[in-house]
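Visitor: Residue numbers (my numbering): 187 to 814. Positions of the beta carbon are idealized from the N, C-alpha and C atoms, including for glycine.
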Amino acid sequence: MIASIMDDFNAKRSLEELTKLTEPLREENAALRQENATLRQERVELAEQLTAAQAAQAQAEAELSTLTDAAQVLQDDREALQHKNSELQAAVDRLSDMLWGRRSEKRIYRDQPTLFDLQPTPDELSAREQEIVAAEDLLSDAAKKKLLEELLRRRKARQKNRLKERGREDFPEHLERRQVDLDLDEEDKQDLDLLDVKVFERLRFERPHMYVEVVNRYIYVRRGEPDAGVFAAPPPLGILPGVKYDFSVIAAALSMKLNFHQPTYRQQDIFAQAGYFPSRSTLNDLFNYSAIVIEPLFNEAWRLLLQQNILLGDDTRVRLLTRGALEDEEIEKLKHRRGAASRERPPPGSVSSYVWLYTGLDGAAPYDIFHWSLTHENCWIDSHLERFHGIFVGDAAGPNARLEQRSGGRIIHAACNSHARREFLAAEKTHPREAAKALAFYKLLYDVETRSQLMKGVDLLEVRRKEAIPIWNAFIDWMESDALQAILPKSPLGKAITYMQNHGVALRRYLYDARLPIDNNVSERTLRHQAVGRKNWIFIGAPQAGPRAAVLYTILASAKGHHVEPWACLKDLLLRLHADDPKLDEMLPDRWIATHPQAKLDYRLAEIRRKAAAAKQCRSKRRAKKCK
């Protein structure tokens, strides 16, 4: 019992001693915790200060970079001004010597002073130095950045103004000049003397205008013989008796329609700007009457073109409205014809018709003849070319491919290599490597034609024999190689190879005839004008309008091909075709422009020459780079 009590006493004593020993440790621990919290707070504050310092440093670095760039700009301006100043000083010295120096001694006494000493005095130098110092002090304050930005802005503005002045051109002399005086009020210039008059020109544009021509036609009878008949000047010519529109108005409407691709409702808006709003039926009637008047000239151009040995041709689709224009049986027949289910099938209420273009090469008949047809069948092209004997250059579409057979050898078909190249171009996605190889062959063939484009006859044939024929043979060997035997015939590349194999004779025919081009791109570029117009006027309203549009497009395209201004040409042709005995051979575009040189579009010719020169220079640089 006593032992138990002693053990309890000793335990309590030990606990008290331990409590006394741990009390300082607890206090020290609490102090350390408080210190730790203080350190954490200081760390947060230091981190914030560090972030602020980094931001300030970044801002300072940005400002320093801006100032450095501005200083570099100022240094460049200073060097440029120094260089310019030295040039001006030398020019002034030279001119001063020529004006005031002794003629016989100006080359001996170089240091002879002149009347005008342009060197600054010491006082002026000190003043300038003070200005420079003041400017440097200004750059050191807070407004430095804004000042430098303003200097940069002004410099860019000066450069922009210089570019504008360099590109400025004088207006042609034939334009009307109207003088405008900009002067002060009489009260403001009472005490002023006129120093100079600054004259400059600027171009102004006014709305197109038209006027009504009031014609007074005087009728006479013989004096004393009232029954002898009447005498009067002939009435002004018109497209039809009773039509109140001059040929200038009709030519304007035709030019808007055919040259600028304006549909009828847009023509109404243009005429309305001039003060008169014609009806659509009136404009359509003028269109139809003009085609009837111009048709003899169309027939003459077509007759001369068929006498040539070589024709280039192509065709394109155009919508024909069928509502009220065709019988139901005709519409159903056209809808179910071959090719009607293609992606180019027109929407309901219309069918596809076709515009054909036949182009003559430079020669006796350099004309572009348009035809229109409802279908794309052989009978149409046969009817167009039934009087033609020679070579036809065009794509290998169905009617063209069968042209030799259907004509009994009367017409030889030379296929267009540009169409064959497009077949390989369509295979780039599925067979990029093989398509690139084929396109490389065609590039070599076209390079030969580009280098020899000014050659003719024997010289051109010799170049083709030495350069083009080996390339063509290598092209054929590649297509017949074992590497291409596994190509599926229905794949894009397989179709391209099949196209080349089926029409190989017609495609390489140009290699053996110096008169033939490698493709028919000339006619395609001409036909593009009609395609652009189709996107604006969209459709043909009736089957009768197709042939009439072809007649008018023929005259317009032929005129544009000879760089003739369409309005002037159409106006004169409509007037001359109403003569009793019109001389059609003198009215064809290539002959008409010879007697009307003022109607030639010189700016278009200059633009074409510039582009041709630039393209030639680019090709030369490319060849030189390739040779290196």
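Curious, which full-length alpha helix (DSSP H) runs of at least 4 residues does the stretch 439–516 contain?
Guide: 450–459 and 466–492
Visitor: Mind pulling the beta strand (DSSP E) runs of 3 or more residues that sit fully within the stretch 392–443?
Guide: With a minimum length of 3 residues, the continuous beta strand (DSSP E) runs that stay inside the stretch 392–443 are 405–408 and 411–418.
Visitor: Determine the closest residue to phenylalanine 661 out of Arg694, Pro675, Leu646 and Lys676, with distance taken between C-alpha atoms.
Guide: Arg694
Visitor: Taking 7 Å as the limit between beta carbons, can you name the residues of its chain near alanine 700, skipping five residues before and five after?
Guide: Lys642, Gly643, Leu646 and Leu647
Visitor: Please identify the residue among Val230, Ile704 and Leu236 whose C-alpha is closest to the C-alpha of glycine 580.
Guide: Ile704
Visitor: Check whether the stretch 488–495 and the stretch 539–553 touch, using three or more Cβ-Cβ pairs below 8 Å as the test.
Guide: yes
Visitor: Measuring alpha carbon to alpha carbon, tell me which residue in Ala810, Asp771 and Arg790 is nearest alanine 487.
Guide: Per the C-alpha coordinates, the member of Ala810, Asp771 and Arg790 positioned closest to alanine 487 is Asp771.
Visitor: Taking the C-alpha atoms as reference points, what is the distance between lysine 629 and leucine 440?
Guide: 41 Å
Visitor: Inspect the beta-carbon positions of tyrosine 540 and arginine 503 and report whether they are closer than 8 Å.
Guide: yes
Visitor: So what does DSSP say about tyrosine 553, is it helix, strand or coil?
Guide: coil
Visitor: Under a Cβ-count criterion, where at least 16 other Cβ atoms within 10 Å of its own Cβ denotes burial, should threonine 205 be classed as buried or exposed?
Guide: exposed
Visitor: Cβ atoms of histidine 557 and histidine 570: under 8 Å apart, would you say?
Guide: yes
Visitor: Please classify isoleucine 794 as buried or exposed, where buried requires at least 16 neighbouring CB atoms within 10 angstroms.
Guide: exposed
Visitor: Tell me the DSSP secondary structure of histidine 689 in three-state form.
Guide: coil
Visitor: With DSSP as the reference, identify every bridge partner of tyrosine 696, one or two as the case may be.
Guide: Paired residues: none, contrary to the question.
Visitor: So, helix, strand or coil for phenylalanine 357, using DSSP?
Guide: coil
Visitor: Alanine 780: which of His749, Ile480 and Ser465 sits nearest, CA to CA?
Guide: His749
Visitor: Going by C-alpha distance, which of Thr636, Met665, Leu738 and Lys746 is nearest serine 806?
Guide: The shortest C-alpha separation from serine 806 is found at Thr636.
Visitor: Can the beta-carbon of aspartate 500 be found less than 8 Å from the beta-carbon of asparagine 688?
Guide: no
Visitor: Using a Cβ-Cβ cutoff of less than 6 Å, which residues in the same chain neighbour alanine 437 once the five nearest sequence positions on both sides are dropped?
Guide: Trp753, Leu756 and Lys757
Visitor: Can you tell which of Glu411, Tyr397 and Gln268 has the C-alpha that lies nearest to the C-alpha of valine 435?
Guide: With distances taken between Cα atoms, valine 435 lies closest to Tyr397.
Visitor: What are the boundary residues of the beta strand (DSSP E) that phenylalanine 627 is part of?
Guide: Counting along the chain, phenylalanine 627 falls outside any beta strand (DSSP E), though it belongs to the alpha helix (DSSP H) covering 618–637.
Visitor: Give me the Cα-Cα distance between serine 709 and lysine 623, rounded to the nearest whole angstrom.
Guide: 28 Å
Visitor: Taking a contact to mean a Cβ-Cβ separation below 8 Å, would you say tyrosine 685 touches glutamate 609 in this structure?
Guide: yes
Visitor: Tell me where the beta strand (DSSP E) around valine 649 begins and ends.
Guide: No beta strand (DSSP E) contains valine 649, which is instead part of the alpha helix (DSSP H) from 643–649.
Visitor: For phenylalanine 463, count neighbouring C-beta atoms within 10 Å of its own C-beta (all shown protein chains included) and say buried if the count is 16 or more, exposed if not.
Guide: exposed
Visitor: In terms of alpha-carbon separation, which member of Tyr696, Phe433, Lys430 and Leu483 lies closest to arginine 650?
Guide: Tyr696
Visitor: For glutamine 376 and aspartate 369, what's the separation of their Cα atoms in angstroms?
Guide: 12 Å
Visitor: In three-state DSSP terms, what is glycine 594?
Guide: coil
Visitor: Does the distance from the CB of isoleucine 726 to the CB of glycine 732 come in under 8 Å?
Guide: yes
Visitor: Alanine 601 and alanine 582 look like a contact to me (Cβ under 8 Å); what is the Cβ gap, rounded to whole Å?
Guide: The C-beta separation of alanine 601 from alanine 582 comes to about 5 Å, placing the pair in contact by the 8 Å criterion.
Visitor: In the structure shown, what three-state DSSP assignment does lysine 375 receive?
Guide: coil
Visitor: Using DSSP with H/G/I as helix, E/B as strand and the rest coil, what is phenylalanine 725?
Guide: strand
Visitor: Quick one: grab the DSSP three-state call for lysine 807.
Guide: helix
Visitor: Secondary structure at valine 385, three-state DSSP: helix, strand or coil?
Guide: Look at valine 385 here: in three-state DSSP terms it is coil, with no helix or strand label.
Visitor: Leaving aside the five residues before and after leucine 589 along the sequence, list all residues of the same chain whose C-beta is less than 8 Å from its C-beta, in chain order.
Guide: Ile567, Leu571, Phe578, Ile597 and His599
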